[in-house]
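Peer 1: Dropping a structure here in structure tokens format, bear with me for questions.
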Amino acid sequence: MVKRESGCPLCGARLDAAALLDACSGLLDAGLGVLAARCPACQGYLEVRPVEGRLDLGYLGGAGSAGRFEVALSLLAEGLAVERHDDTLRVALAGRHWAFSE
Ligand SMILES: [Zn+2]
Numbered sequence: 000m001v002k003r004e005s006g007c008p009l010c011g012a013r014l015d016a017a018a019l020l021d022a023c024s025g026l027l028d029a030g031l032g033v034l035a036a037r038c039p040a041c042q043g044y045l046e047v048r049p050v051e052g053r054l055d056l057g058y059l060g061g062a063g064s065a066g067r068f069e070v071a072l073s074l075l076a077e078g079l080a081v082e083r084h085d086d087t088l089r090v091a092l093a094g095r096h097w098a099f100s101e
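Residues in the sequence shown are numbered consecutively from 0, following numbering that gives the first Met the number 0.
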């Protein structure tokens with residue numbers, strides 16, 4: 000069951016989806032579409048997976064190439080769109096665009 004909260008799992012700060020995308024530094028796992036990010040409030044390390052309409056926050060679990068993404072909480076982001084082109088993940092939200100590669 001995914002918790003519907005919108006706070007940083009580390010410091011509890013309320014997170015804005017666009018601000019969190021700004022804080023993403025790169026593509027951590029191209030296969031799973033997981034990004035590395037720093038919380039804008041506490042600078043804590045987060046792993047973020049953008050999907051249609053929301054950002055999943057959690058962590059990569061499992062070993063090696065069979066890894067999977069464990070979702071700790073979902074941040075709703077209405078209109079968020081994700082496209083993958085080879086090893087680049089393109090995210091669009093509210094007229095803004097981000098592109099992440101490994
Ligand atoms: Zn934080």
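Positions of the beta carbon are idealized from the N, C-alpha and C atoms, including for glycine. Computed from a predicted model, the values in this text were never measured in an experiment.
Let me know if D55 comes out buried or exposed under the rule of 16 or more other beta-carbons within 10 Å of its beta-carbon.
Peer 2: When all chains shown are included, D55 counts as buried.
Peer 1: Is it true that the CB of V47 sits closer than 7 Å to the CB of A36?
Peer 2: Yes, the pair counts as a contact, with Cβ atoms nearer than the cut-off.
Peer 1: Answer yes or no: does any C-beta atom of chain D fall closer than 7 Å to that of A35?
Peer 2: Looking for chain D here will not work: only one protein chain is present.
Peer 1: Using beta-carbon positions only, say whether G103 and L19 come within less than 7 Å of one another.
Peer 2: Coverage of the chain is limited to positions 0 through 101, which leaves residue 103 absent and any answer about it impossible.
Peer 1: What are the boundary residues of the beta strand (DSSP E) that D21 is part of?
Peer 2: It is not in any beta strand (DSSP E) - D21 instead sits in the alpha helix (DSSP H) that spans A16 to D21.
Peer 1: State buried or exposed for A98, treating a residue as buried only when at least 16 other CB atoms are found within 10 Å of its CB.
Peer 2: With fewer than 16 other Cβ atoms within 10 Å, it is exposed.
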